[in-house]
Amino acid sequence: MFSLRKPSKTFQNLPISDKSGQAGWILDKRGYLCGAKGPASDLVTPSHQVTSARLQKYSTVRYPLPLLIFILPVTNTHKNMTRSSVILLFCFSLLFSCRQSSNDQSFQLGIIAGFAELVHSGTKQLALSEPMSTAEMDALMGEAQIIAERNNVRLFREKDLLTTDLFPEDVAEGKEVLLIYSGLTLDAYQELKEDKQKLVSSGQYEGPAREQIARRFGRLLSYPEYRINELLAQQTDFRTLSDFNVQATNVFFYYKNLAAATAFYEEVLGLEKVSDYGMATIFRIAESSFLILVDEAEGMHSAEEPKTVALALLTDQLAGWYDYLQEQKVSIKYGYTPRTGNAHDGFVAVDPEGYLLEFEVFKQHPENERFMPVLNKTEHLLPQHASSKVPEGLGFKAAITWLYYKDLLGMENFYEQVLGFELVADQGWTKIYKVTDTGFIGLVDERRGMHSFTEEKAVTLSFFIEDVEGWFDYVKKKAPFELRSEELEVGPESKYKAFVGYDPEGYFMEFDRFFPHADNETLLKYVEGS
């Protein structure tokens, strides 16, 4: 990583480039990163160790070092950096930038230059300078225009910045902000301001309408939905499920013969049974993903209802699992036919009462560039029961609960804006959201999936959540979805608290908090440690 300290004389005007020699940078004596015309010959290795330090002269545009730390992760040279690395570097940049004077013209020009590059590259649609006085803006506009022309972007001096619930209302009060954009972005911004004013004038700038103005502005600034959620939560009483600490994912399946289903998952699949309530059995699939098998006589659904769900068991050991399940005479709906270049491979087995189990592996592919770093951090969870028939070494590392919808776009909005989950893989007709490090929800367009939409569904989507009372109170107050009951249920012997709601297309969603009890001892060991 580049040092945050003032560079020594040895590193003054040091040319830096990627290995292709295409990107030219200079770190000058004041600690500014300078964009250079023409290729630079001195290289930085993947660990950022300088291999030579020949001084060269370039025609430059200065970037402050804090901005370097923000920009580098999004350049082509750093595509493979993890999100956590980006966050860490950005935090360092904030610490450093606190030492810079916000009135320093070179510093402000560096920010403008960095954002101009991001807009030009398409990484951002619209960028904003720091708020400045009119005099400060007058002083830098000449050089700012040169920067804009060099990057083929446009500038607009905004004296009345749009205020929304993304930022404090006084963030630019009495100051100007420079809008950095290209194409028709300024038109979209002005239209957004007009739409807000119409709502204000008609007395309708409140509730969902007010929130959507903020979201439109956030998307114009190229913020992902989870970041917009975070900003709204900082400025308002808006919350998503993610704000109440989701500890694990879970899914309920319903059976006529619970004993037979339990034996299948414990012995044939080798899952660890972590709790047994008699009428329900809880299994652990991976570190923070679970499955509950329920006696239909005691559950919210009948085993006769359509099983409009598929459970993906993620593993790097597809061939081994396929051979083993065939030996065990497990019904296979779709066989294992791996293909080169696929985003994923897999096969589909059927459990004793017809639920589909997709054994799946995801591979390096453009669709999976955000997904793979998450999966690569996880370890296979191996069978832990003496009665398991699973060959040594076979296990699962994560799980996806696939759900089937008519209005895929509407459900994307629900999972991102109401539940607050991050999209990690987009296959077009399927969307995968991260809930925990090993628990994911997959949305499927029912026209192309293994199931079609059904009104009734023999499945309940579930989340283990630390602050179930807080989430319940929020849902009752804000009504982001319909509740099944207006009361928070307390389970027998106070083993758990839970409530149930409905998603927009009828899937039951249960939110659970488990408490110390002999029946929960093993379960809590995993949930509270995840």
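In the working numbering, the protein residues as written are 106 to 635.
Just so it is clear, CB atoms sit at the ideal spot from N, CA and C, and this is done for glycine as well.
As assigned by DSSP and simplified to three states, the class of residue i
{"i": "D400", "result": "strand"}
{"i": "L200", "result": "Because L200 sits at a pLDDT of 38, beneath the cut-off of 50, its placement in the model cannot be relied upon, and the following sentence gives the value as read from the coordinates. Reduced to three states, the DSSP call for L200 is helix."}
{"i": "G446", "result": "coil"}
{"i": "R320", "result": "helix"}
{"i": "F476", "result": "coil"}
{"i": "Q309", "result": "coil"}
{"i": "L588", "result": "strand"}
{"i": "K581", "result": "helix"}
{"i": "E299", "result": "helix"}
{"i": "T627", "result": "helix"}
{"i": "E281", "result": "strand"}
{"i": "F569", "result": "strand"}
{"i": "P144", "result": "Bear in mind that a pLDDT of 31 at P144, under 50, signals an unreliable position, so the number given afterwards is only what the model happens to contain. In this structure, P144 counts as coil in the three-state DSSP scheme."}
{"i": "V83", "result": "Absent from the model: residue 83. The displayed extent of the chain is 106 to 635, so no value can be given."}
{"i": "S394", "result": "strand"}
{"i": "Y439", "result": "strand"}
Classification of residue i by the beta-carbon crowding that lies within 10 angstroms, buried from 16 upward
{"i": "Y520", "result": "buried"}
{"i": "I251", "result": "exposed"}
{"i": "N518", "result": "exposed"}
{"i": "T420", "result": "buried"}
{"i": "M384", "result": "exposed"}
{"i": "L514", "result": "exposed"}
{"i": "K562", "result": "buried"}
{"i": "Y439", "result": "exposed"}
{"i": "F616", "result": "buried"}
{"i": "E633", "result": "exposed"}
{"i": "R344", "result": "buried"}
{"i": "V595", "result": "exposed"}
{"i": "F620", "result": "exposed"}
{"i": "W534", "result": "exposed"}
{"i": "N473", "result": "buried"}
{"i": "N181", "result": "Residue placement at N181 is poorly supported in this model, since its pLDDT is 36, which falls under 50; the coordinates still yield a value, given next. When all chains shown are included, N181 counts as exposed."}
{"i": "T445", "result": "exposed"}
{"i": "P488", "result": "buried"}
{"i": "S557", "result": "exposed"}
{"i": "D275", "result": "exposed"}
{"i": "A365", "result": "exposed"}
{"i": "E541", "result": "Going by the sequence as given, residue 541 is Thr instead of Glu. Buried: at least 16 other Cβ atoms inside 10 Å."}
{"i": "K630", "result": "exposed"}
For residue i, the residue or residues it bridges with in DSSP
{"i": "L304", "result": "None; L304 has no bridge partner."}
{"i": "K602", "result": "V595 and R618"}
{"i": "F452", "result": "F464"}
{"i": "Y607", "result": "E587 and F613"}
Nonlocal neighbours in the same chain, by C-beta distance under 8 Å from residue i, ignoring five residues either side
{"i": "F369", "result": "D456 and P457"}
{"i": "I397", "result": "N355, V356, F357, F358, A385, T386, I387, F388 and S567"}
{"i": "P609", "result": "D512, G515, M516, F519 and F586"}
{"i": "M242", "result": "R262, E281 and L283"}
{"i": "Y331", "result": "S347, E521, G525, F526 and E527"}
{"i": "L267", "result": "Y294, L297, K298, K301 and F322"}
Own chain, CB closer than 7 Å to residue i, minus 5 neighbours either side, in chain order
{"i": "Y328", "result": "none"}
{"i": "D572", "result": "F349 and N350"}
{"i": "G606", "result": "V580, F586, E587, L588, R589 and M614"}
{"i": "K280", "result": "P236, M237 and S238"}
Residue-chain proximity (residue i, chain C), Cβ-Cβ < 8 Å
{"i": "E274", "result": "You won't find chain C in this structure, because it holds only one protein chain."}
Cβ-based neighbour list, residue i, same chain, cut-off 6 Å, excluding 5 preceding and 5 following
{"i": "T290", "result": "Q230 and L231"}
Inset, instruction - Only counting runs of 4 or more residues, tell me where the alpha helix (DSSP H) segments fall wholly within the segment 239-272, in order along the chain. - result: 239-255
Inset, instruction - May I have a chain-ordered list of the beta strand (DSSP E) segments no shorter than 3 residues that lie completely inside the segment 456-521? - result: 461-467 and 503-510
Inset, instruction - Return the chain-ordered ranges of every beta strand (DSSP E) run that is complete within the segment 517-554 and spans a minimum of 3 residues. - result: 527-531, 535-539 and 544-550
Legend entry - beta strand (DSSP E) runs wholly inside the segment 322-388, at least 3 long, in chain order: 351-360 and 377-381
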